[in-house]
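Residue numbers (the working numbering): 5 to 476.
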């Protein structure tokens, strides 16, 4: 077991232990690195009671006072970025440089979100009456985050929720609870007790949260299948939900694609974080006139990228985070072999102790194949040939998902015209995955409900209240 200090829940501003614990493993080595508390109904009830008690005073504070607390939390995170990044690499597997970007980016995002204003709009003001639309906090927010970006996605949820005047119960994935639990420890020094509670637990804890009448909203990031269960559980008490779910993002490479300058960012659009990104490019459509050249350039670049333990120098792609997802990715590769699909690179089995999958590119499989129709969520991507813009737009849209898409080409107007026809919540041109703090995003179709980020994401944590004043 690696030398990582003990972890505790954060409930009502205090450290809480539990009799039952969960084991956390390093996916790059398969070794146990920590034991963490396994919260159950009693701990959840205590966290909710604490949050509800704290909410009255927290929501009554001025926006400026809440902003100052959140900015102080952001500064404390930035001061401990090195330790948090090492912890993130150990539990998630991503390269240390990427982990540092996630922690530092999370601190920056928290501060940026704290600068947002909550709108108060005068709808009409006549000699008879004034009508205002104001935004009020919801109460207690349950935030459930996944294992691919455990710290960044926690920050994306808790920052706006707290700024809006809510108190939060944060539940990390059982695969990656460590940085969230450390976040709770940091918050104890800064936030009033009960404003942010952090409870780790197994998969049984999530449904308890979604169905609990003491929680007013659930914000969830994860698979579409789980998102549907979250929505069903929340419906029992008609609590609000924001769901950021699965995707099968298409990247469309136009005939004027600049191979020399753009093949590297196109590669990382698919393989960043070992492909474990909701908004990763999971289908790459390449115009037939340049298909062979782009394929060969992607393969050549892939050969320069090292896969391995993220704690080691020079590693660019780490392991799959957990065994269930690893087995799913391996099964997709096995299906490609069984169906006779051609491999441009990869397809081999990594026999090291960690959950490693070599970079794998499938060469022009049928649209109906599993590798095209399903979300891989791993370092595996199909390349697909197309002849006309009309054809590729139809194929890109022929998915139950609508999270993101990207279009790649020199002609900005043509690329923009294509991007506007893709049925997704976000579309990028000549890049993918990047979103500045002011941008809001959310999925269409089965990729989610509601938005996160920016001013629109902040509004998701409020309720509209109309005030009508009759003048005397």
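Heads up, the beta-carbon is just placed ideally off N, CA and C, and yes, glycines get one too.
What you are looking at is a predicted structure, and each value in this text was computed from that prediction instead of being measured.
Residue 171 - DSSP class collapsed to helix/strand/coil = strand
Closest by CA to residue 52, which one among 69, 134 and 212?
-> 212
Contact between the region 396 to 403 and the region 294 to 313: three or more CB pairs below 8 Å?
-> no
Simplified DSSP state of residue 60, which is helix, strand or coil | helix
For residue 368, I'd like the list of residues in its chain whose CB is within less than 8 Å of its CB, leaving aside the five on either flank, ordered along the chain.
-> 295, 346, 386, 387, 388 and 389
Starting from residue 4 and walking both ways along the alpha helix (DSSP H), at which residues does that stretch end?
-> A query on residue 4 cannot be resolved here, the shown segment of the chain reaching from 5 to 476 and no further.
Can you say whether residue 265 is buried or exposed, counting buried as having 16 or more other CB atoms within 10 angstroms of its CB?
-> exposed
Would you decide whether residue 125 is buried or exposed? Buried here means 16 or more other CB atoms lie within 10 Å of its CB.
-> exposed
Which residues mark the beginning and the end of the beta strand (DSSP E) in which residue 532 is found?
-> Shown here, the chain extends from 5 to 476; a query on residue 532 therefore has no answer.
For residue 427 and residue 421, the rounded distance between their alpha carbons | 13 Å
Sufficient close CB pairs (3 or more, under 8 Å) joining the region 181 to 189 to the region 230 to 237 = no
Just reading off the beta strand (DSSP E) that residue 286 is part of, what are its end residues?
-> 285 to 291
Please check the pair residue 85 and residue 107, which I expect to be a contact at CB under 8 Å, by giving their CB distance rounded to whole angstroms.
-> 5 Å
Residues that residue 201 bridges to, as DSSP identifies them = 173
Are residue 246 and residue 223 closer than 9 Å when you measure CB to CB?
-> yes
Presumed contact (8 Å Cβ cut-off) between residue 314 and residue 93, rounded CB distance = 5 Å
May I ask which residues mark the beginning and end of the beta strand (DSSP E) holding residue 25?
-> 25 to 29
Quick one, which of 168, 29, 159 and 208 has its alpha-carbon nearest residue 139's?
-> 168
With DSSP run on the structure shown, which of helix, strand or coil describes residue 219?
-> coil
C-alpha distance - residue 308 paired with residue 321, whole-angstrom precision | 11 Å
Relative to the alpha-carbon of residue 444, which residue among 436, 202 and 454 has its alpha-carbon at the smallest distance?
-> 454
Can you check DSSP and say which residues form a bridge with residue 456?
-> 445
Confirm, please, whether the CB-CB distance from residue 91 to residue 183 is below 9 Å.
-> yes
Who are the near neighbours of residue 448 in its chain, counting only those whose CB is closer than 7 Å to its CB and skipping five residues on each side?
-> 406, 427, 428 and 429
Check whether the Cβ atoms of residue 350 and residue 365 lie closer than 9 Å to each other.
-> yes
Between the C-alpha atoms of residue 325 and residue 26, what's the straight-line distance to the nearest angstrom?
-> 16 Å
Grab me the residues of residue 74's own chain with a C-beta within less than 8 Å of its C-beta, minus the 5 sequence neighbours each way, in chain order.
-> 114, 115, 117, 118, 163, 166 and 167
When 70, 112 and 71 are compared against residue 440, the one with the closest alpha-carbon | 112
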